[in-house]
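Report on the structure given below.
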Amino acid sequence: MPTSEPEVANPAAAYCVQQGGSNQILTDGSGNRFPVCILADGTVCQETDFYTGDCGPGQPQDAHVAPSATVTSTTSAQKALMSAVEAALPAGAYDGLASLELQPLPGGPPLWAVYSTGMRNFTLDPTPSHFVALYAPVGDGWNEVARLDISNAAMAGDPLLELGPDFVAPDGVAQVEIDPGRIWLTVDGGVGAHGGTFQVLSFDGETLRQEIGGVSASPGAGYLADLNGDGMNDVVLNATE
Numbered sequence: 002m003p004t005s006e007p008e009v010a011n012p013a014a015a016y017c018v019q020q021g022g023s024n025q026i027l028t029d030g031s032g033n034r035f036p037v038c039i040l041a042d043g044t045v046c047q048e049t050d051f052y053t054g055d056c057g058p059g060q061p062q063d064a065h066v067a068p069s070a071t072v073t074s075t076t077s078a079q080k081a082l083m084s085a086v087e088a089a090l091p092a093g094a095y096d097g098l099a100s101l102e103l104q105p106l107p108g109g110p111p112l113w114a115v116y117s118t119g120m121r122n123f124t125l126d127p128t129p130s131h132f133v134a135l136y137a138p139v140g141d142g143w144n145e146v147a148r149l150d151i152s153n154a155a156m157a158g159d160p161l162l163e164l165g166p167d168f169v170a171p172d173g174v175a176q177v178e179i180d181p182g183r184i185w186l187t188v189d190g191g192v193g194a195h196g197g198t199f200q201v202l203s204f205d206g207e208t209l210r211q212e213i214g215g216v217s218a219s220p221g222a223g224y225l226a227d228l229n230g231d232g233m234n235d236v237v238l239n240a241t242e
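At position 222 of the sequence shown the residue is numbered 223 (my numbering), and the sequence of numbers has no breaks.
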């Protein structure tokens, strides 16, 4: 019996067009390709930043500063890690992978996060969930120290752990500061044609786990802010319809 196919369009790209922008792929000086939305007034935003509201008309892209850790240039060791991770995945599971050099725990080893980007492939059975994995260099290779599949099914029934993302932009995972005793990551993604997701992950040196997450009918499902002035970031989830 025929069944309807899920919506798999890139929600950030669709949102750009709906708001009167045009989608283009740009290439930086290192040869890295990334999608942008060119707005009617000529402002150029990365697709995901326009989708989440972090870039807009009259707001130049370079005015927005990334959180505490940023994606660094690709080294030969990093390329080897990315190739090894990709080789272990089902073919075509995601549009791509990205990596993030992390500020390690005090006294801990250097760590890199590798995570899936773009749309997850709904034509595969089972459909893969987006993931974040942490790696430490060992000799001439890498050791996977922790991994988390951001799975819709695993979150069902928990009011704090809702839908996982269908789409994650190349800069959709960031290291943030909450409790200095752990490594904290945020995952800012999209779901369906227009919805947004937001997850906060923590790593205590042994286990990578999701602490809280949310979903919104529109982009920007969550963010961090110091709400009470105590110097610690708080998680704010967008519960509006």
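Each residue gets a CB set at the ideal place from its N, CA and C atoms; glycine is no exception.
Item, Value
"Specify, as a first and last residue, the run of the alpha helix (DSSP H) that residue 100 falls within.", "Element bounds for residue 100: not the alpha helix (DSSP H) but the beta strand (DSSP E), 95-103."
"CB residue 86 to CB residue 115, shorter than 8 angstroms?", "yes"
"Taking the beta carbon of residue 210 as the centre, do at least 16 other beta carbons fall within 10 Å, making it buried, or is it exposed?", "exposed"
"Helix, strand or coil, according to DSSP, for residue 41 in the structure here?", "coil"
"To which residues does DSSP link residue 46 through a beta bridge?", "38"
"So, at 6 angstroms on beta carbons, what are the nonlocal neighbours of residue 129 in its own chain, with the 5 sequence-adjacent residues on each side left out?", "94, 121"
"Buried or exposed, going by whether 16 or more other CB atoms sit within 10 Å of the CB of residue 207?", "exposed"
"Measure from the alpha carbon of residue 16 to the alpha carbon of each residue in 205, 234, 168, then state which is nearest.", "168"
"I need the straight-line Cα distance from residue 1 to residue 218, nearest angstrom please.", "There is simply no residue 1 to check, as the chain begins at 2 and stops at 242 in what is shown."
"Taking 6 angstroms as the limit between beta carbons, can you name the residues of its chain near residue 23, skipping five residues before and five after?", "39"
"Looking at the unbroken beta strand (DSSP E) that takes in residue 171, where does it start and where does it end?", "168-177"
"Please state the DSSP three-state secondary structure of residue 17.", "helix"
"Under the assumption that residue 125 contacts residue 91 (Cβ atoms under 8 angstroms), give the Cβ distance between them as a whole number of angstroms.", "6 angstroms"
"Kindly identify the DSSP beta-bridge partner or partners of residue 183.", "Answer by DSSP bridge pairing: none, since residue 183 is not bridged."
"Measure the C-alpha to C-alpha separation of residue 20 and residue 52 and round it to an integer number of angstroms.", "10 angstroms"
"How is the beta strand (DSSP E) around residue 217 delimited, first residue to last?", "209-217"
"Is residue 124 helix, strand or coil by DSSP?", "coil"
"Below 7 angstroms CB to CB, which residues in the same chain sit around residue 37 once its five sequence neighbours on both sides are set aside?", "25, 27, 45, 46, 47, 48"
"Among 177, 138, 117, 199, which one has its Cα closest to the Cα of residue 214?", "199"
"Give me the Cβ distance between residue 112 and residue 98, rounded to the nearest whole Å; I'm assuming they're in contact under 8 angstroms.", "At roughly 16 angstroms, the Cβ-Cβ gap does not stay under 8 angstroms, so residue 112 and residue 98 are not in contact."
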